[in-house]
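Chemist:
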């Protein structure tokens, strides 16, 4: 399993949907755009991610096309290894509650673009969060002072995340 920054995973998942070019990916990941609402990626980082994914053999240039007002665009597509990596990443739950705001939300957006059900991801995420919540709650019960305050905060965040997943169950029906 390759270790990539979140933005690079997002670029790989978008390229894996269909052959495309960097400008189109950048349009989807711009601030306020469809994917950019969950995680914005500046255009230079999109192109840097495509270069890195090409180096890793996860995407490859397929053809070129004339840009509307700019230079020739390289059309890239995922390789079989890129397709497998993107599918695995989209199915993998996050391990920290703090990553739900970023990584989990963007995975949900990407899965919805592909018309993939959210059920398997929700089930896997709930299993991870249930364990995290139980561990935090156990630690909180024996903590004192500011440690207890901090663990109470983290426990409540984990509980809120579990309620969020319950709400997603209704959306996925």
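Numbering (the numbering used here), first residue to last: 1 to 173.
Each residue gets a CB set at the ideal place from its N, CA and C atoms; glycine is no exception.
Roughly how many angstroms lie between the CA atoms of residue 30 and residue 106, to the nearest whole one?
Modeler: Sequence index remark: in the chain shown, residue 30 carries index 30 (1-based). Sequence index remark: in the chain shown, residue 106 carries index 106 (1-based). Roughly 13 Å separates the two Cα atoms.
Chemist: Under a three-way DSSP split, which group does residue 69 fall into?
Modeler: Numbered from 1 along the chain shown, position 69 holds the residue referred to as residue 69. Coil.
Chemist: Using only alpha-carbon positions, find the residue among 145, 161, 134 and 69 that is nearest to residue 174.
Modeler: This structure leaves residue 174 out entirely; the chain is present only between 1 and 173.
Chemist: Please state whether the Cβ-Cβ distance between residue 65 and residue 6 is less than 8 Å.
Modeler: To locate residue 65, count along the chain shown from 1; it is residue 65. To locate residue 6, count along the chain shown from 1; it is residue 6. No. Outside cutoff.
Chemist: Need the endpoints of the alpha helix (DSSP H) that residue 20 sits in, please.
Modeler: Locating residue 20 in the chain shown gives position 20, counting from the first residue. Taken as a continuous stretch (DSSP letters only), residue 20 belongs to no alpha helix (DSSP H), as it is neither H nor E.
Chemist: Excluding five sequence neighbours on each side, which residues of the same chain lie with their C-beta closer than 8 Å to the C-beta of residue 109?
Modeler: Counting from 1 along the chain shown, the entry for residue 109 is found at position 109. These residues qualify, in order along the chain: 34, 35, 37 and 38.
Chemist: If we count Cβ pairs, one from each stretch, closer than 8 Å, do we get three or more for the stretch 48-59 versus the stretch 5-25?
Modeler: Yes, since at least three Cβ pairs between the stretch 48-59 and the stretch 5-25 fall closer than 8 Å, the two stretches touch.
Chemist: Under a Cβ-count criterion, where at least 16 other Cβ atoms within 10 Å of its own Cβ denotes burial, should residue 78 be classed as buried or exposed?
Modeler: Counting from 1 along the chain shown, the entry for residue 78 is found at position 78. Residue 78 should be labelled buried.
Chemist: Within 10 angstroms of the Cβ of residue 154, are there 16 or more other Cβ atoms? Answer buried if so, exposed if not.
Modeler: Start at 1 with the first residue of the chain shown, and residue 154 comes out as number 154. Looking at its Cβ environment, which holds 16 or more other Cβ atoms inside 10 Å, residue 154 is buried.
Chemist: With DSSP as the reference, please indicate the residues paired to residue 59 in a beta bridge.
Modeler: The count along the chain shown starts at 1 and reaches residue 59 at position 59. Per DSSP, 78.
Chemist: Checking 8 Å against the spacing of the C-beta atoms, do residue 165 and residue 129 come in under that value?
Modeler: Translated into positions along the chain shown, residue 165 becomes position 165. Translated into positions along the chain shown, residue 129 becomes position 129. Yes; because the gap between Cβ atoms is below 8 Å, this pair is in contact.
Chemist: Could you compute how far the alpha carbon of residue 23 sits from the alpha carbon of residue 117?
Modeler: Sequence index remark: in the chain shown, residue 23 carries index 23 (1-based). Sequence index remark: in the chain shown, residue 117 carries index 117 (1-based). Going from the Cα of residue 23 to the Cα of residue 117 covers about 28 Å.
Chemist: In this structure, does DSSP put residue 95 in helix, strand or coil?
Modeler: For the purposes of this step, residue 95 is identified with residue 95 of the chain shown, where counting begins at 1. Coil, per DSSP.
Chemist: Which two residues bound the contiguous alpha helix (DSSP H) that contains residue 38?
Modeler: Taking the chain shown and counting its residues from 1, the one referred to as residue 38 is at position 38. Counting along the chain, residue 38 falls outside any alpha helix (DSSP H), and DSSP gives it neither H nor E.
Chemist: What are the start and end residues of each continuous alpha helix (DSSP H) run of 4 or more residues lying completely inside the stretch 125-156, in chain order?
Modeler: For the stretch 125-156, not a single whole alpha helix (DSSP H) run of length 4 or above is found.
Chemist: Return no unless some Cβ of chain C is closer than 8 Å to the Cβ of residue 60.
Modeler: Absent here is chain C; the protein component of the structure consists of one chain.
Chemist: Use the C-beta contact count for residue 28: other C-beta atoms within 10 angstroms, 16 or more gives buried, fewer gives exposed.
Modeler: Residue numbering aside, residue 28 sits at position 28 when the chain shown is read from its first letter. Flag for residue 28 reads buried.
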